[in-house]
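Below is one structure, written out as structure tokens; comments come after it.
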Amino acid sequence: MFRRITTIQVVLAFVSLCWLSALNPGQAAYAFPYDMSCPPAPAQVLLFSARPLWSVDSSEIYIANADGSAEQQIRIPELGLPYNSYPKWSWDKKQIIFTKRLNESNRSSEDIFIMCNDGSNLRRLTSDNAADSWPSFTADPNKILAVHDFGPYGSPQTDIVYLDINSGAIVENITGGMTYTNGSGIQSNEGDVRFSWDGTKLVFGSDQSAPTPFYVVQIYVMNAEAPHQITRVSYDNSFDTDASLSPDGKSVVFSGYRGITPYPPFPATGNEVHDWYIFKVDIGVTPYRETQLTHTRTDIDLVPFWRHDTNKIAFLSARSVLPYGLEIFEMDLDGSNPIMLNKSEWRNEEYQDWR
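The numbers in the working numbering rise by one with no breaks, and the one at position 70 of the sequence shown is 56.
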């Protein structure tokens, strides 16, 4: 849902404002059962998408070892644009769910696809004239988690939903009843959602505390299943997104904008491309205190992921210089000892998942 607007090529197309809606309904559908036969889980634990620095309509999916070695591109049969992003592992790593953009004339024409971990058995799940994004497998084999845009084109209204794994139909609108806290009664926007490691919690971003949609996005946690008790996590009244829960569910890491220019600016000024940092917050601790883990203004640190296997934090950063763009780094829980895990010339890593 919440993309960040920038004017610098290294982060262009990785960051912008929000998911919009449109789709080419004429695309063919692929069908096979959810429990289709797939190869065994690969040894690689890192799943990510990346695009060339010069491209906004091309993105591919890769897997790699924890140290960035043994990188392998997942070859996906093309349907529409070669834009495949926001991949996530299934719980057993035999399948991958991801977002595919289908229409070159409208970059928001995105739907959800499922495939085996080698790119075979491609299946289109959604085709509903709406932008569907941020998909995840759930512990329930009959449904998936996603962000769905209910608004008309150009006026996004995003919610976190559960979809039927076979039909793609919405079976529950989890955040449909959330409204702005200013008393207007207007429905807020929710997105950028991830499961906790045990699948019992969801962490996500919402603009419900914003005076104007999208200008303030804060982090929230809620139960994955009803009743969906919601807890607000961040209270900085800025733009926070891309959150990840600690393995014990007691803390959250997220990327936040802390620049002087209000975010997102209209039009974009170029200043907002800097001042993105990684923060850690302990849930429910008062008084509120966020720990800043990265500090260099020009590094542009985004999309942290709290790894359960090493208890380290993986994140994307543009701290390397051209010809490198956003690369995947790993650091200790206090922000020390950052190490680049992969180095790919002229490419932006844009999203990561670990299992």
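All residues carry an ideal CB built from backbone N, CA and C; glycine is no exception.
- For S23, the secondary structure class from DSSP, reduced to helix, strand or coil, is coil.
- When D118, I83, N70 and I82 are compared, the shortest CA-CA separation from D97 is found for D118.
- According to the DSSP assignment, A50 belongs to the beta strand (DSSP E) that extends over E46 to A50.
- In this structure, the straight-line span from the alpha carbon of D193 to that of R110 is close to 30 Å.
- No Cβ-Cβ contact shorter than 8 Å links K236 with I205.
- Residue pairing of K129 in beta bridges, as defined by DSSP: D150.
- Contact between E336 and R37 is confirmed by a C-beta separation of about 6 Å, below the 8 Å threshold.
- S23 has its alpha-carbon roughly 45 Å from the corresponding atom of E276.
- Contact between I83 and N70 does not hold, since their C-beta atoms are separated by about 11 Å, which reaches or exceeds 8 Å.
- Rounded to whole angstroms, the separation of the alpha carbons of G54 and S232 is 22 Å.
- Counted as a single uninterrupted DSSP element, the beta strand (DSSP E) harbouring M101 occupies residues E96 to C102.
- Residue state for R37 is assigned as strand, using DSSP reduced to three classes.
- Spatial neighbours of E57 in its own chain (CB-CB distance under 6 Å, excluding positions within 5 residues in sequence) are listed in chain order as Y48 and A50.
- The residue from N334, Q338 and R341 with its alpha-carbon nearest to that of S44 is N334.
- Runs of the beta strand (DSSP E) lying entirely within the segment 269 to 312, each at least 3 residues long, are 276 to 278, 287 to 292 and 299 to 303 in chain order.
- The beta carbon of K329 sits closer than 8 Å to the beta carbons of G54, S306, Y310 and E313 from its chain, once the five residues preceding and following it are set aside; these are given in chain order.
- In this structure, W340 lies away from V42, with their beta-carbon atoms at least 8 Å apart.
- For T227, the enclosing beta strand (DSSP E) starts and ends at F225 to L231.
- Under the three-state reduction of DSSP output, W75 falls in the strand class.
- Around the beta carbon of Q81, a 10 Å sphere encloses 16 or more other beta carbons of the protein chains shown; the residue is thus reported as buried.
- Straight-line spacing of the CA atoms in Q278 and L302 works out to 15 Å.
- Under the criterion of beta carbons closer than 8 Å, G154 and D114 qualify as touching, at roughly 7 Å.
- In this chain, the beta strand (DSSP E) harbouring S122 covers D118 to F123.
- G242 is classed as buried because its beta carbon has at least 16 other beta carbons within 10 Å across all chains shown.
- When DSSP states are grouped into helix, strand and coil, M317 belongs to the strand group.
- With respect to I146, V179 sits close: the two C-beta atoms are nearer than 8 Å.
- For R87, the enclosing beta strand (DSSP E) stretches over residues Q81 to R87.
- Using a 10 angstroms sphere on the CB of P73, the tally of other CB atoms reaches 16 or more, which defines it as buried.
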